[in-house]
Each structure stands twice: as structure tokens, then as C-alpha cells.
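For the sequence shown, my numbering begins at 7 and goes up steadily by one.
No residue lacks a Cβ here, since even glycine has one placed at the ideal position from N, Cα and C.
Following: one structure in C-alpha cells, then a few remarks.
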Amino acid sequence: MNWLEALILGIIQGLTEFLPVSSSGHLELGKHILGVEFSENLTFTIVVHGATVLSTIIVFWKTIIELFHDFFQFKWNDSTKYVVKIFISMIPVLIIGLLFEEQIESMFTGNILFVGIMLLVTALLLAFTYYAKDKQKDISYKDSLIIGIAQAIAVIPGISRSGATIATGLYLGNKKEHIAKFSFLMVLIPIIGANLKSLMDADFSQSSTISVTPLIIGFIAAFVTGLLACRWMINIVKRGKLIYFAIYCFIIGSIAIIFSF
Numbered sequence: 007m008n009w010l011e012a013l014i015l016g017i018i019q020g021l022t023e024f025l026p027v028s029s030s031g032h033l034e035l036g037k038h039i040l041g042v043e044f045s046e047n048l049t050f051t052i053v054v055h056g057a058t059v060l061s062t063i064i065v066f067w068k069t070i071i072e073l074f075h076d077f078f079q080f081k082w083n084d085s086t087k088y089v090v091k092i093f094i095s096m097i098p099v100l101i102i103g104l105l106f107e108e109q110i111e112s113m114f115t116g117n118i119l120f121v122g123i124m125l126l127v128t129a130l131l132l133a134f135t136y137y138a139k140d141k142q143k144d145i146s147y148k149d150s151l152i153i154g155i156a157q158a159i160a161v162i163p164g165i166s167r168s169g170a171t172i173a174t175g176l177y178l179g180n181k182k183e184h185i186a187k188f189s190f191l192m193v194l195i196p197i198i199g200a201n202l203k204s205l206m207d208a209d210f211s212q213s214s215t216i217s218v219t220p221l222i223i224g225f226i227a228a229f230v231t232g233l234l235a236c237r238w239m240i241n242i243v244k245r246g247k248l249i250y251f252a253i254y255c256f257i258i259g260s261i262a263i264i265f266s267f
């Protein structure tokens, strides 16, 4: 992988991790177009995911500090309830990750037809939020589990994680200003956990063929674009403008399907 490929893939990761267009699907398309085999560059994947985690932490650092402070008072306060809801939302993806790891990995083989079809599914998920009724509900424990199930389904390349979780929250009638923040915070621990597992399982002496410069460029690109996309996405959800991403996913998915034949 050269520095230009690292820059492009870093930008793709940073933007699509937060925008509801499927980062995994776009990275599959990106590596197909650029001819980059991620299986040979596990280090890069870990680095760019770490960059987007860092951008999330920076955007929500006040909220995270407040949650930690209140949670470790060991009182049943609002912050403790919120943290419990986040943990509940993590249960489905934890089960899927532990029990179906090989099946999940088998979906990341550059199957552009499959990715295209899943992008069309994402487009439908986003499009139907136009009809979702805003009931101004707070996220309940039951809602957090349902949103967590949506996140688990979104391990499929082409299904947007943020799109699935935010759309599900809107279908449930949750407040727009709350569901975007919850969607981004609930993924922090699963991504960090997945990266740590990859670090422990990986044999970098054999699996990493990438030099330091592309790693740095990829990290910076993913971090900066992730920072912008995270802030942008929060405002988009508040304004209810997800239909534009539905159109985008439909177009990209259709192109992927056409070019797969």
C-alpha cells in the first residue's frame, strides 16, 4: 500500500464510519477498485479504526467524562442508567462477534454484488425514516436492546451501522438529538474490543507489509474526516435529512451491482 492509497482509504473510513453509508461496504468497494488486500494489511485496518474511535472521543469528551464521573459514584443516577443502556446495546454484537466470527469474516471477500445489494437495503432503511413519527421518547432499556440488534445486523458489509442504529431509534420514536449521540457512543467499546482482539490474534511479522508513512497518513486522514463527519452527522439527524443518504446508497449500490456482472 502506498501513501495515496492510504490517504484515500483513510478518508473513506473517516467519512463513512459516521455517515450512514456503510464504512465496511465502502472499504470493500475501495479495496476492490484500488486492488488493496486488507488481509495483508491488518495493521492499517486497526490504525484507521483507532483514528475514528479517537475522533468520537474528542467530539463527545465532555459527555464521556461526565458519564464516567457519575457512574463511578455508584449511585442509580441518570448517567448510570445511560451507561447501563449502552452496555445492553452491546450484548447483541458481542454475541454475534463471539459465535459467528468466521461467518462474518467470510462476508469480507470483495463480493461487490453482495455489497451492492446490502447498500440498497441501507437505502431503504434510511428512506423509510421519512415516515417515522417523532414521539420525543427517551431511549428505554428495551429500545437500547433493539438498537443493539440493529448494530449487530450491521456487521454485514453494505449495511450502515450508524444508518441502522439511527434509523431504528427514529422508528422507535426516540428524540432525534439523543439517538445520534447514543449511536456513536454505543460503538466505542465494541470497536476498541475488536481492535484489541485483532492485536492479540495478529502475527504482524507476517501479516503486515505496510510501512510507517502510509499508516500515519491513513490515521490522520481517518481522524480529521471522522471528526468532521461525526459533528456533521449529529446536525443532519436533528434536521431529518437522511433521505439524501438513502439516494446516495441507492446510486452506489446500483453501480456496484451493475459492475459486478
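Helix, strand or coil at residue i [DSSP, three-state]
i	result
Ser213	Residue placement at Ser213 is poorly supported in this model, since its pLDDT is 49, which falls under 50; the coordinates are not used for a value here.
Lys181	coil
Lys4	Because the chain here runs from 7 to 267, residue 4 falls outside it and cannot be looked at.
Met96	helix
Val193	coil
Beta-carbon spacing of residue i, residue j below 8 Å
i	j	result
Met192	Ile92	yes
Gly31	Val230	no
Gly232	Glu23	yes
Leu176	Ile185	yes
Leu178	Pro26	no
Leu182	Val243	What sits at residue 182 in the sequence shown is Lys, not Leu. Taking 8 Å as the Cβ cut-off, Lys182 and Val243 qualify as a contacting pair.
Gly16	Phe225	yes
Leu151	Phe251	no
Pro220	Phe50	yes
Phe265	Leu126	no
Gly259	Ala129	yes
Boundaries of the alpha helix (DSSP H) in which residue i is found, first to last residue
i	result
Phe251	249-266
Pro220	218-245
Leu10	9-24
Environment of residue i [buried if 16+ CB atoms lie within 10 Å]
i	result
Arg245	exposed
Ile155	buried
Tyr137	exposed
Asn180	buried
Glu11	buried
Lys37	buried
Met206	exposed
Val218	exposed
Leu35	buried
Ser189	buried
His75	exposed
Ile253	exposed
Gln157	buried
Ile18	buried
Notebook entry, point to check: Going along the chain, which unbroken runs of the alpha helix (DSSP H) with 4 or more residues stay wholly within the region 28-87?
Noted result: 29-40, 48-65, 67-77
Check: Which ranges would you report for the alpha helix (DSSP H) in the region 100-181 if only whole runs of at least 4 residues count?
Finding: 107-112, 118-133, 147-159, 167-177
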